[in-house]
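Trainee: Chains as they are written, first to last, in my numbering: chain A, 204 to 431; chain H, 204 to 431. Glycine is no exception: its CB is placed at the ideal position from the N, C-alpha and C atoms.
There are 2 protein chains.
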Amino acid sequence: MEWIIDQPSNGTSVSDYVYEVLKKNIVGFNVKPGDRISENEISELLQVSRTPVREAFIKLSKEDLLYILPQRGTYISYIDLDEVEEARFIRESLEKAVIELATKEFSEDALFMLEQNITAQKNKIEKKAYSEFLELDEEFHKTIFQECNKGKTWSIIQQVNSQYKRIRILSFIANINWLQTIAQHQAIIEAIRNKDTEKGLKTIGEHLKKLNIEKMELKNKYPEYFKQ
Amino acid sequence: MEWIIDQPSNGTSVSDYVYEVLKKNIVGFNVKPGDRISENEISELLQVSRTPVREAFIKLSKEDLLYILPQRGTYISYIDLDEVEEARFIRESLEKAVIELATKEFSEDALFMLEQNITAQKNKIEKKAYSEFLELDEEFHKTIFQECNKGKTWSIIQQVNSQYKRIRILSFIANINWLQTIAQHQAIIEAIRNKDTEKGLKTIGEHLKKLNIEKMELKNKYPEYFKQ
DNA sequence: AACTTAAAACTTGTATGGTAGTATGGTTGT
DNA sequence: ACAACCATACTACCATACAAGTTTTAAGTT
């Protein structure tokens, strides 16, 4: 498969540019788990020097999207279901804590944004624009965090979420139900509006547990992407 | 005040070495918030090249212990109480989620480790060895996470916790009560042993909220370390 | 054919050189 | 006295060179 190489947007550093390109291609499985990449190879591919490539590698290795073996090589990580589970655990813990805040206080403006987001989500689904749908999904949750003044918390989730994202992509390729996802988003909005903390917590739990069920299914379907 | 420069321990990379030295000196207030440091200055001080220094800077900036202004300079961050509060929020959410697991299943061996840790804690307090006490404190919580198979979760806390750590150091310099801390640790052990989830959650809440009370007190005492 | 071994071709880690952008301090013009 | 300007000395960023270690390759030996 071919690499997707967007042009660097203005204002970003070379280092960030390399990071973005690599992340996109890893999460999108354009480079496959187990593949070996090298600083030289990427620096040539993107026409930049090794330094920013190296910095991007380090950053990605912290997200466990790749692992660096000193003096040996750098490899794309396999999806580790134990890690995915822990990422889910972290995300569930933090999302629940935030939904508890959101069901106590939430501005009308932000609620409106969430609703607009959902209509956009439906649109993308009809057009079968899955990756754009996933972006909106992320945006949805991000909005809740920001409204609760927990932007840093969201960035932590982002960091842990990389592994998780790859599974979601597979899940969409495998064509598993996304209509349920939208229904859950709607339920979250209702919970916030009615200040129904109980319902909010329950929905978030289901929302994230859904993927838990799919995990084994996906591992059977794409064993070459998984650890062991 | 003088910089504390330990020798590099064998096996660690130069980059990690620089990171450790810088972190220790920032958290310990040997370099003060607002101070300017540069790649050149540090590379000369530690007798290494600029590359590993730069990598350490990037890592520390992700923990918000310093901030990099491109082409302008790198500065030690002031303590931002909003950020500290969010770090506390994250930690509380994750610690509660883990204590819930711990009060359901926990090995006898690990419980023993926790008890041994507490006796060691008392020791350090008597000797007024505060920084060593803080290390044991961290170890205590880490043990719980690891026993619950949530090592990654702990590492997330570590990352977010740097800001928080600086406050704890100030708190100890200002001589605020640590006996209460030990009592709370003991209460956590009891909760785990008796599988008393309710008590566990409550204690964790108090444990972390304690610092919340001290924050304003500390800001008044050391205004030069805080933002605004 | 199977095993040794040495050299070449990789890898990442570290050092150093060069560049663009920013702050600063002094000088000049008014 | 004060503002405009310019030279200088910084900064972090990126490119390149070198070092240290690993893997691959292939020739040489038994």
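#1: Just to confirm the assignment: which complete alpha helix (DSSP H) runs, minimum length 4, are found wholly within the stretch 351 to 425 of chain H?
#2: Select from A:Glu247, A:Gln383, A:Asp238 and A:Phe429 the residue whose C-alpha is nearest the C-alpha of A:Ile321.
#3: Over the uninterrupted alpha helix (DSSP H) stretch that includes A:Ile302, give me the two end residues.
#4: Could you confirm whether any beta carbon from chain H is found closer than 9 Å to the beta carbon of A:Phe309?
#5: Scan the stretch 295 to 306 of chain H for residues whose Cβ lies nearer than 7 Å to a Cβ of chain A and list them as they occur along the chain.
#6: Per DSSP, what kind of secondary structure is A:Arg275 in: helix, strand or coil?
#7: Would you mind working out which of A:Asn352, A:Asp285 and A:Pro236 sits nearest A:Thr277, comparing C-alpha positions?
#8: In this structure, how does DSSP classify H:Phe429 when only helix, strand and coil are distinguished?
#9: Determine which residues of the stretch 361 to 374 of chain A have a Cβ less than 9 Å from any Cβ of chain H, and write them out in chain order.
#10: Across which residues does DSSP place A:Tyr270 in a beta bridge pair?
#11: Does A:Ile240 come out as helix, strand or coil in the three-state DSSP assignment?
#12: What does H:Lys355 reach in chain A if we use C-beta pairs closer than 8 Å?
#13: If we ignore side chains and look at the alpha-carbon of each, how far apart do H:Gly214 and A:Ile208 end up?
#14: With a threshold of 16 other CB atoms inside 10 Å of the CB of A:Ala377, please say whether the residue is buried or exposed.
#15: I'd like to know if A:Asn401 contacts chain H, where contact means its C-beta is closer than 9 Å to some C-beta of that chain.
#16: Would you decide whether H:Ile392 is buried or exposed? Buried here means 16 or more other CB atoms lie within 10 Å of its CB.
#17: Of the residues that make up the stretch 261 to 283 of chain H, which ones have a beta carbon closer than 7 Å to any beta carbon in chain A?
#18: With distances taken from CA atoms, which of A:Lys353, A:Phe309 and A:Asn380 is nearest A:Phe336?
#19: Over what stretch of residues does the alpha helix (DSSP H) that includes A:Ser218 continue unbroken?
#20: Go ahead and pull the three-state DSSP assignment for A:Gln210.
#21: Please compile the residues from chain A whose C-beta is within a distance smaller than 8 Å of the C-beta of H:Ile461.
#22: Return the residue from the list H:Ile302, H:Leu404, H:Asp219 and H:Tyr367 that minimises the CA-CA distance to H:Asp267.
#23: Using a Cβ cut-off of 9 Å, pull out every chain A residue sitting near H:Glu258, in sequence order please.
#24: To the nearest angstrom, how far is the alpha carbon of A:Arg275 from that of H:Glu205?
#25: Within the same chain, show all residues whose beta-carbon is closer than 6 Å to that of H:Val363, passing over the 5 residues directly before and after it, in chain order.
#26: In three-state DSSP terms, what is H:Ser310?
#27: Near A:Leu249, which residues of its chain fall below 8 Å by C-beta distance, leaving aside the five closest residues on each side in sequence?
#28: If the criterion is Cβ atoms closer than 9 Å, does the pair H:Glu350 and H:Ala394 meet it?
#29: For H:Glu286 versus H:Phe260, is the C-beta spacing smaller than 9 Å?
#30: H:Glu338 to A:Ala323, Cα distance in whole Å?
#31: What is the rounded straight-line gap between the Cα of H:Gln431 and the Cα of H:Ile279?
#32: For A:Arg371 and H:Asn228, I'd like the C-alpha separation in whole angstroms.
#33: Checking 9 Å against the spacing of the C-beta atoms, do A:Glu417 and A:His344 come in under that value?
#34: Hey, quick one: how far does the alpha helix (DSSP H) through H:Val256 stretch, first residue to last?
#35: Here's a check: name, in chain order, each residue in its chain whose Cβ is nearer than 6 Å to the Cβ of A:His410, leaving out the five neighbours to either side.
#36: Among A:Glu329, A:Ile360, A:Val230 and A:Glu308, which one has its Cα closest to the Cα of A:Glu342?
Mentor: Let's see:
#1: The stretch 351 to 425 of chain H contains these whole alpha helix (DSSP H) runs: 354 to 363, 365 to 376, 382 to 396 and 400 to 424.
#2: Of the listed residues, the one whose Cα sits closest to A:Ile321 is A:Gln383.
#3: Looking at the DSSP string, the run of the alpha helix (DSSP H) that includes A:Ile302 is Leu284 to Ala305.
#4: By the rule that beta-carbons nearer than 9 Å mark a contact, A:Phe309 does not touch chain H.
#5: Listed by position, the residues of the stretch 295 to 306 of chain H near chain A (Cβ gap below 7 Å) are Ser296, Leu297 and Ala300.
#6: In this structure, A:Arg275 counts as coil in the three-state DSSP scheme.
#7: Shortest Cα-Cα distance from A:Thr277 to any of A:Asn352, A:Asp285 and A:Pro236 involves A:Pro236.
#8: Correct three-state label for H:Phe429: strand.
#9: Within the stretch 361 to 374 of chain A, those residues whose Cβ lies closer than 9 Å to any Cβ of chain H are, in chain order, Gln362 and Val363.
#10: Residue pairing from DSSP places A:Tyr270 in a beta bridge opposite A:Tyr278.
#11: Reduced to three states, the DSSP call for A:Ile240 is strand.
#12: The contacting residues are Glu286, Glu289, Ala290, Ile293 and Val363.
#13: Using only the alpha carbons, I get a separation of about 37 Å.
#14: With fewer than 16 Cβ atoms within 10 Å of its Cβ, A:Ala377 is classed as exposed.
#15: This sequence places Glu at residue 401 of chain A; Asn is not what is there. Taking 9 Å as the threshold, the shortest C-beta distance from A:Glu401 to chain H does not fall below it.
#16: The residue is buried, with at least 16 neighbouring Cβ atoms inside 10 Å.
#17: Against chain A - using a Cβ distance shorter than 7 Å - the residues of the stretch 261 to 283 of chain H are Ile261.
#18: Closest by C-alpha distance to A:Phe336, out of A:Lys353, A:Phe309 and A:Asn380, is A:Asn380.
#19: Looking at the DSSP string, the run of the alpha helix (DSSP H) that includes A:Ser218 is Val217 to Val230.
#20: It is coil, neither helix nor strand.
#21: In this structure chain H extends from 204 to 431, so residue 461 of chain H is not present and cannot be described.
#22: Considering only alpha carbons, the answer is H:Tyr367.
#23: Within 9 Å Cβ-Cβ: Arg257, Glu258 and Ile261.
#24: Straight-line Cα distance between these residues: approximately 39 Å.
#25: Sequence-distant partners of H:Val363 (beyond 5 residues in either direction) whose C-beta falls short of 6 Å from its own C-beta, in its chain, are Ala290 and Ile293.
#26: Coil.
#27: Taking A:Leu249 as the centre and dropping the five residues before and after it, the same chain places the C-beta of Ile208, Tyr220, Val221, Val224 and Val256 closer than 8 Å to its C-beta, in chain order.
#28: At the C-beta level, H:Glu350 and H:Ala394 stay beyond 9 Å of one another.
#29: It is not a contact, given that the beta carbons lie outside the stated cut-off.
#30: So the alpha carbons of these two residues sit roughly 49 Å apart.
#31: Spanning the two alpha carbons is a distance of roughly 14 Å.
#32: Their Cα atoms are separated by approximately 42 Å.
#33: Between A:Glu417 and A:His344, the C-beta spacing is not below 9 Å.
#34: From DSSP, the alpha helix (DSSP H) with H:Val256 extends over Arg253 to Lys265.
#35: Residues Gln387 of the same chain have their beta carbon placed closer than 6 Å to that of A:His410, with the five preceding and five following residues left out of the count.
#36: The option with the nearest alpha carbon to A:Glu342 is A:Ile360.
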